[in-house]
Amino acid sequence: MQRYNQALSMYEKMKSNPENFCSMHVLLLGNGNEKVRLTVMTFLATQIFKTDEIYKKLTPQYRKQFNTSALQRMKLETDTSVLNQYVNLFEMVYSFIVTSGELFPEFLPAIFEMIHTGDRPHKHYAQALLTKIIVSFPENDMRNKLQTIIILIKEGLQDQDGDVITESMSLIKELIQYAMNVPELFGVVIPLYPILHDVTIRMVNNKEYDAYYVYVFEIEQQIFQVYIEQLVNYIPTTVLFALNVCNAPTDDYYDDQLHTIAMELIVTIFEIYPKEIKKLQELQTNLYVTLINWLGDVDDLKEWYDYQEDEEDTPLFYQAQEAIERITTMIGATQFVNFLIQHIELLTSTKWEMRLAFITAMNSVLSSKKKSVGKVVVQIFDAITPLYKDPHPRVRHAAIVFALKVFKLYPKTQTILSGKIMQIIGLGLEDKCSRNVSKTCELSSCFIPTLTLEELEPYISIFFRVFTPLITTTDSSLSAEALCSLSNVISKLKKGSNTYFVEILPMLEKVINELSDDEDLYDVKGRTIEMVSFIVTKTQGDLLKKAFEITMKGINSVLAMKDLEPDNLLYGYVESVFSRLAEVTKENILPYVPMVLPKILERVNMNIVSNYQYFETTTVQFGDEIMNVYIEAAEEKVNAMKALADIAVDLKGFFVPYVPKCFQIVIPLIGYKASFKVRNMAVRCSVNLLISYINGKEKEFGNTQNAMVAATVYSSQVIEAIVNNLKFEPEIGVVTEQLNGLQRVIELNMTPIGINQAVIILGLLKELFVKYIQRSELIENQDEDVENEEQFDPDNNFNYSYRSLLKCLSYSMGEAFIPSFEGILLPMLQAVLTTNGVSTRIIGTVALVLSTVAMISERVQYVNVSVPIVVQLANSKNQDNLFQAIECIQLLSQIQIIQPFLPQMIEIINYCMSLKATNENLYEAGVMVLGKCISFNPQYFKPETALLWFSLLPIPTYPDDILQSLFTLFALNKFPITHEILEKALIVLLNCLGSKDSYMITSQTKDMVTERLKQWYETNDNIIGPILDSASPTQKELLKELL
-7 MQRYNQALSM YEKMKSNPEN FCSMHVLLLG NGNEKVRLTV MTFLATQIFK TDEIYKKLTP
53 QYRKQFNTSA LQRMKLETDT SVLNQYVNLF EMVYSFIVTS GELFPEFLPA IFEMIHTGDR
113 PHKHYAQALL TKIIVSFPEN DMRNKLQTII ILIKEGLQDQ DGDVITESMS LIKELIQYAM
173 NVPELFGVVI PLYPILHDVT IRMVNNKEYD AYYVYVFEIE QQIFQVYIEQ LVNYIPTTVL
233 FALNVCNAPT DDYYDDQLHT IAMELIVTIF EIYPKEIKKL QELQTNLYVT LINWLGDVDD
293 LKEWYDYQED EEDTPLFYQA QEAIERITTM IGATQFVNFL IQHIELLTST KWEMRLAFIT
353 AMNSVLSSKK KSVGKVVVQI FDAITPLYKD PHPRVRHAAI VFALKVFKLY PKTQTILSGK
413 IMQIIGLGLE DKCSRNVSKT CELSSCFIPT LTLEELEPYI SIFFRVFTPL ITTTDSSLSA
473 EALCSLSNVI SKLKKGSNTY FVEILPMLEK VINELSDDED LYDVKGRTIE MVSFIVTKTQ
533 GDLLKKAFEI TMKGINSVLA MKDLEPDNLL YGYVESVFSR LAEVTKENIL PYVPMVLPKI
593 LERVNMNIVS NYQYFETTTV QFGDEIMNVY IEAAEEKVNA MKALADIAVD LKGFFVPYVP
653 KCFQIVIPLI GYKASFKVRN MAVRCSVNLL ISYINGKEKE FGNTQNAMVA ATVYSSQVIE
713 AIVNNLKFEP EIGVVTEQLN GLQRVIELNM TPIGINQAVI ILGLLKELFV KYIQRSELIE
773 NQDEDVENEE QFDPDNNFNY SYRSLLKCLS YSMGEAFIPS FEGILLPMLQ AVLTTNGVST
833 RIIGTVALVL STVAMISERV QYVNVSVPIV VQLANSKNQD NLFQAIECIQ LLSQIQIIQP
893 FLPQMIEIIN YCMSLKATNE NLYEAGVMVL GKCISFNPQY FKPETALLWF SLLPIPTYPD
953 DILQSLFTLF ALNKFPITHE ILEKALIVLL NCLGSKDSYM ITSQTKDMVT ERLKQWYETN
1013 DNIIGPILDS ASPTQKELLK ELL
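Per this note's numbering, the sequence shown starts with residue -7, numbered consecutively.
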């Protein structure tokens, strides 16, 4: 050992003279023992560019000598492992040469010579080296050497050696990718592709090359990963050949791995060339036949029944599902759905595999959420309905999955299908296969929340009777789903529903007490505690106390468990349950906060970034920074922050002692690069913490103003964090959420923000608008997916939040707002309007901003600029432009100076309302804005116009705007008080309260409605009483909340 240490010390000292050190290694490259040569070359290839940067410390003269000597030794080397290390060494040497500008003119000719005249190993490894370095070629070198390289490639393709052939194919791939950025070379390089494809066919049809089958398909797939117009003509032949391979029976040569890569090539082409593929309908049909056959290639494995099926058992089945989803997402689902309808007889096939194949295909295409699917989904649902009684459990399972996906992804069908869904749940819960019962529980978990208590009432006892025994089953997955379903039922019950829980509560307590800490039972443990917490929200008296006690016992049992990582799902249950208890019990939960809060804060603050890539991570980019983020840990971090936000707002002022520590952790997360969801939730959490702090300080000081002053230190920190993040934020959705958060912070602390801070925010808004313009220009150049079921435009939300923040700033800044706006934002907006080539979309957005400022300031110059743009937008007849025009009118209608322009505005509104048959959304927007015009300018309109507008109600959208306009007109006595009028008014009110957008109804609107309802009770009880008596229980509950 002593001699070894002495030798090692001497070896390390030699590094002080890099040239002697390298010379020693070069000499050893001539050693007769290949193990010595391999050790030396491995060191040179892996260390001299890293350890002490020895290579860079060499003099230029010696570097040239070292390079030449190493190149000579490579020509003489006989061992393939050593040659492989020469490839690695010279890859780095060439990179240094290119970046440093040092000359080594002998290098490339020597490599070319080895490829041309070398023996098999030298030819192969020289090709491998050229493939690696070709991407670094300076353009002049490439121009001078290209013809030589092409000659060498063609020679290699004619070789009989598989390594040489495939390395030549790799060179073609690298050349094509290189030449894409050098147009003058591209025309010379691209003709190599058909030659490469012919070689692929030759090799795949020759069993002697079976070891290379997968590799040659990978090369083709990599070539097609980037759009190259010149390859379009080769798509049909390439896809058909790959399909032939996919359709070939599996044997020792054509194995599942080959089938998989061939399909990946096809799917890549469909994704990268969607326009071209849409025109090749026969090619699509051929592919769909193959995919259906693959979906029928499934075994009835015992593992499936035990939830242990492995994708490797039936890889084609799983890849077909993925392929359908990817393809229909990119090129639309119309052709594929039509194909399935033409083959609907598969649902009655005598082979269970083919019945399963059809439903599985439909399940895959559902995920694309295309309109073409939505149009036929009810028809296909009816066709699949008999299969809920299919003799084979896997077919029944796929049918239940189909119902679940339809219900979740196509909400417009929920009302139509609700009766059938209930029947499916009834059948599924009686299924003999526990996996099907579990999936049915999942379906019921999605279905039950959509029901009103009135709709659920007939089934409550049945659900309790069916789900309760499943809780204690030995199938943990089934038990967890049953707990989830029953929790959803409980959440719908009225407060005081004690009778349902007398028997089940002791059973749940027993489950919590006796359940082991086995990891497989974590979900059951968490959902059991969760269910008891729901019971707390619905009980009263002693039963409530007992349920609360059991819940806290469950929480304690989780917190007492050892060795749980912070991202464990059990902690997620603990924090959501605790926030639910805080909402119900308020200050009574305070003694338990010190026990639970540290764990929540630990999770909020946990690291979710890995130094390495794993299957549990995903790659996230923020600016130039690329991170590996643990997917599940990121979700748990967000959930912990959501729980913290909920607890803070539920406990209000009682939470004040904990707010400083929480802010210390949460505010830095507003700019957390690793997760956009974390950045979003950090803003929401900060707002809720601020609400809690202000509420507590109000109680402490007995004075709102002093509470605001005390909160200023935190509100300023939150504003600063949001502004700093928004300067670099890449996600438009996060920008929108953080603008909303910024507005809430300013509104909460009603102390006017300083002029310096206001100027910074306006400067930020200027930057954001410039980025919006750049983003819009990119969108303008992209193809719109007209088949998308959900036409969600994140820009619309951004535009609304942007203008809403401007309005908020105007209130906070007072008279200083307009001068600041005109100094910072207005010049940019004016420049946009006077620049040629700006899209109508952007001009419309500028008009919306100016209309907002017109409404704020009531200055005629802004109206004079906005109105002509509104007319221009409307005259285009483009529906997107019409939406922008309507939105501008909605803003402008709220100021008196608009009245001279009202005839033009009404003409635009009437046109939008005339489009009801083709665009219901635009019609509803027109109805809403007409109400705004009438309610803000009542003297301009005749009484019958108000009644005409009233006759158009109700509409399913804009509940806040509709109620504002309607009850403003009632206050102005624009409607006669008759039985018919009041009945209609209540119908409209209930429609708005039950709307999916009811959360947008503001407290001011609710106060206005409540005041009017009370007045009607007092003055028109003989009319209003009978109307209310005939309302349904659910409707009465909605009205009760107002009164």
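All C-beta atoms in this analysis are idealised placements derived from N, C-alpha and C, irrespective of residue type, glycine included. Predicted model, so just to flag it, every value in this text is computed and none were measured.
Is the separation between the beta-carbon of residue i and that of residue j shorter than 8 Å?
i       : j      : result
ALA391  : ILE376 : yes
GLY546  : GLU628 : no
ILE1016 : LEU974 : yes
MET263  : MET322 : Here residue 263 turns out to be Glu, not Met, going by the sequence shown. Closer than 8 Å, so yes.
PHE41   : CYS14  : no
ILE816  : VAL824 : no
GLY836  : ASN873 : yes
CYS433  : CYS476 : yes
CYS925  : ALA917 : no
VAL329  : SER364 : yes
Nearest-angstrom Cα distance between residue i and residue j?
i       : j      : result
ASP509  : GLU557 : 14 Å
PHE813  : LEU754 : 7 Å
ILE810  : TYR219 : 49 Å
THR405  : LYS537 : 42 Å
PRO461  : GLU972 : 51 Å
MET134  : LEU163 : 13 Å
PRO441  : TYR402 : 15 Å
LEU1031 : LEU985 : 9 Å
PRO660  : ALA713 : 7 Å
LEU958  : PRO935 : 13 Å
THR60   : TYR117 : 18 Å
VAL524  : ILE542 : 7 Å
VAL612  : ARG671 : 13 Å
GLU782  : LEU907 : The predicted position of GLU782 is uncertain, since its pLDDT is 46 and thus under 50; no value can be drawn from it.
ILE89   : PHE99  : 10 Å
LEU562  : MET544 : 14 Å
PHE784  : LEU797 : With a pLDDT of 42 at PHE784, under the threshold of 50, the predicted position of this residue should be treated as unreliable, and no value is reported.
Tell me whether residue i is buried or exposed, calling it buried when 16 or more other Cβ atoms sit within 10 Å of its Cβ.
i       : result
ILE336  : exposed
ASN732  : buried
GLY746  : exposed
PHE655  : buried
LEU1071 : Residue numbering for the chain in the displayed model covers -7 to 1035; residue 1071 lies beyond these limits and cannot be assessed.
THR826  : exposed
ALA666  : buried
GLN334  : exposed
ASP534  : exposed
ARG736  : buried
PRO951  : buried
VAL778  : Low confidence applies to VAL778: its pLDDT is 44, below 50, so where it sits in the model is not reliable, and the reading given next is rough at best. Counting Cβ neighbours within 10 Å, VAL778 comes out exposed, since fewer than 16 surround it.
GLN882  : buried
PRO1018 : exposed
ALA552  : exposed
THR320  : buried
ARG519  : buried
SER568  : buried
Throw me the rounded Cβ distance for the residue i and residue j pair, which I believe falls under 8 Å.
i      : j      : result
TYR265 : ILE227 : 6 Å
GLY615 : PHE761 : No, GLY615 and PHE761 are not in contact; Cβ-Cβ is about 20 Å, not under 8 Å.
PHE394 : ASN355 : 5 Å
PHE309 : ASP289 : 6 Å
SER858 : ALA877 : That belief does not hold up - the Cβ atoms of SER858 and ALA877 are roughly 10 Å apart, past 8 Å.
VAL503 : ILE463 : 7 Å
Item checked: Length at least 4, wholly inside the region 311 to 355: the alpha helix (DSSP H) runs in chain order -> If we require 4 residues or more, the alpha helix (DSSP H) runs fully inside the region 311 to 355 come out as 326 to 334.
Next item on the list: Can you check the region 404 to 461 for any beta strand (DSSP E) of at least 3 residues that lies completely inside it and give the ranges in chain order?
Entry: Fully enclosed beta strand (DSSP E) runs of 3 or longer: not present.
Next item on the list: Quick one: which unbroken beta strand (DSSP E) runs of 3-plus residues sit fully inside the region 565 to 617? Chain order, please.
Entry: Runs of the beta strand (DSSP E) inside the region 565 to 617: 609 to 614.
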